[in-house]
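The UniProt record's numbering puts the first residue of the sequence shown at 1, with every later residue one more than the last. Quick notes on the structure that follows.
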Amino acid sequence: MIGSLTLDQLRVLVAIEDAGSFSAAGRRLRRVQSAISHTVQALEEAQGLLLFDRSSRTPRFTEAGRALVTQARQVLRQAEVFERTAQAIAAGLEPELPIAIDSFVPTQPVIRSLAGLQSQYPDLAVTLYTEGMGSAERRVRDGSATLGLCALLPSMAQELQATPLTQITMVPVVAPSHPLASEPRGITRDILAEHVQLILTDPQQRPGPSFSVVSTRLWRFVDISRRLEFLLAGFGWGTMPRHLVQEHLDAGSLLALDIDDPGLMPPAIGLFAVHDRQRPLGMGARWLLQDLQRQAWLGADAPPIPSAPVLSVLPCRTALAAPTPAPAQDRPT
């Protein structure tokens with residue numbers, strides 16, 4: 001019967017197995033042997049099972065006893081977790097920490113910080129959401145995520161607090177098989193505009209402004225990994241975080257475009273940790289935020305980035321007609 005079961009009975013059962021006998025368990029628990037025997041007898045009567053074979057001088061576990069002592073260990077471990085979690089929550093630790101991460105965020109710095117968080121708060125449950133553009137901000141705003149790691153777009157909601165983490169270097173790339181790779185003359189902005197540009201988009205946003213979109217021919221992607229596959233296949237050109245394409249640049253499966261016009265598209269985008277100003281962060285989120293700020297990310301501690309094959313792109317002073325407003329908010333990354 002569950003109602004008569006106590007954690008103390010389970011501790012006694014485990015102590016007997018660990019110590020090897022009733023008397024040794026009594027010494028370990030600082031109890032007389034008769035108290036150990038009484039506890040075991042009460043447990044057997046409550047469960048309607050013989051847990052020990054008493055036919056010999058030293059009682060031995062029955063098959064049922066061996067099975068239940070294993071279960072007893074699991075229950076005691078869960079009870080310890082329960083107590084630690086309750087104490088931590090009472091001290092200000094959130095019971096769960098949901099985090100939304102934009103798909104272009106470097107993985108290794110996040111892993112290092114989460115490893116530290118796990119060491120600091122081993123019982124804290126963490127949920128990670130990695131989705132397309134706009135999802136991190138949206139999850140923070142609707143309360144399904146406490147922290148979001150994302151770029152700070154012009155449309156970022158005012159109720160969000162943004163903490164700068166690093167700058168992500170962006171590089172426009174194209175596959176060697178793409179026509180831009182064999183363009184015999186200097187590639188101008190007008191020439192770029194003639195080719196399909198692969199961009200990230202948020203399908204859940206209302207029609208809004210497009211950021212650094214050069215071409216009037218756009219292919220929109222929600223998944224940055226899928227977009228990379230299409231870039232490698234030569235479907236178009238687009239800007240990518242350098243840390244995601246450096247291996248392909250080194251191998252020659254992608255080529256970097258040298259765009260001389262600094263106003264055409266930003267060479268880097270800011271990475272921020274965002275949270276709702278109206279929802280105070282718990283202990284776990286505060287610890288993680290501080291550790292993320294201490295991370296090296298892709299800064300001075302990172303190895304130097306090797307040079308990549310470069311295609312020349314010359315700026316064109318001719319104004320380019322603005323593309324037709326997209327049905328979703330777009331990003332050139």
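Don't be surprised by glycine CBs; every beta carbon is placed ideally from N, CA and C.
Asked	Found
Exposed unless 16 or more other CB atoms sit within 10 angstroms - verdict on Gln197	buried
Alpha-carbon spacing of Gly263 relative to Pro109, whole angstroms	30 Å
Cα-Cα separation between Ile111 and Pro172, rounded to whole angstroms	27 Å
Pairwise C-alpha distance: Gln204 and Val213	19 Å
Distance CB(Val126)-CB(Leu97) smaller than 8 Å	yes
Proximity of Ala268 and Ile168 at Cβ, strictly below 8 Å	yes
For Thr39, the three-state DSSP class (helix, strand or coil)	helix
Cα-Cα separation between Arg30 and Ala115, rounded to whole angstroms	39 Å
Closest Cα partner of Leu165 within the set Ile259, Gln9, Val105	Val105
Backbone secondary structure at His275 - three-state DSSP	strand
Own chain residues within Cβ distance below 7 Å of Trp287, not counting five before or after	Leu117, Gln120
Separation of Met265 from Ser215, as counted between CA atoms	12 Å
Straight-line gap, Gln9 to Ile99 (C-alpha atoms, nearest Å)	40 Å
Close-in-space but distant-in-sequence residues of the same chain around Val14 (CB under 8 Å, 5 per side omitted)	Val69, Ala72, Arg73, Leu76
Identified DSSP bridge partners for Gln161	His275
8 Å CB neighbourhood of Phe230 in its chain, flanking five on each side removed	Leu198, Trp219, Phe221, Gly236
Span of the alpha helix (DSSP H), counted from its first residue to its last, around Gln120	107-120
Val274, buried or exposed, once every other Cβ within 10 Å from all chains shown has been counted against 16	buried
Between the CA atoms of Tyr129 and Leu255 - distance to the nearest angstrom	31 Å
Where Leu289 falls: helix, strand or coil (DSSP)	helix
Segment contact flag, the region 26-45 with the region 78-91, C-beta cutoff 8 Å, min 3 pairs	no
Leu160 beta carbon less than 8 Å from that of Glu131	no
Identity of the residues DSSP links to Pro241 by a beta bridge	Met170
DSSP beta-bridge partners of Pro179	Looking at the DSSP assignment, Pro179 forms no beta bridge with any residue, so it has no partner.
Presumed contact (8 Å Cβ cut-off) between Val140 and Asp276, rounded CB distance	6 Å
Three-way DSSP call (helix, strand, coil) for Val214 in this model	coil
Rounded C-alpha distance that separates Ser21 from Thr58	7 Å
Where Arg242 falls, given that 16 or more other Cβ within 10 Å makes a residue buried	buried
For Gln204, three-class secondary structure by DSSP	coil
Unbroken alpha helix (DSSP H) run spanning Gly65, endpoints	63-90
Cβ separation of Leu51 and Ala64, assumed to be a contact under 8 Å, to the nearest whole Å	6 Å
Ala19 (DSSP reduced to helix, strand or coil)	helix
Identified DSSP bridge partners for Ala193	None, per the DSSP bridge assignment.
DSSP beta-bridge partners of Glu131	Asp102
Among Gly270, Asp123, Glu247, Gly234, the one whose alpha carbon lies nearest that of Ala79	Asp123
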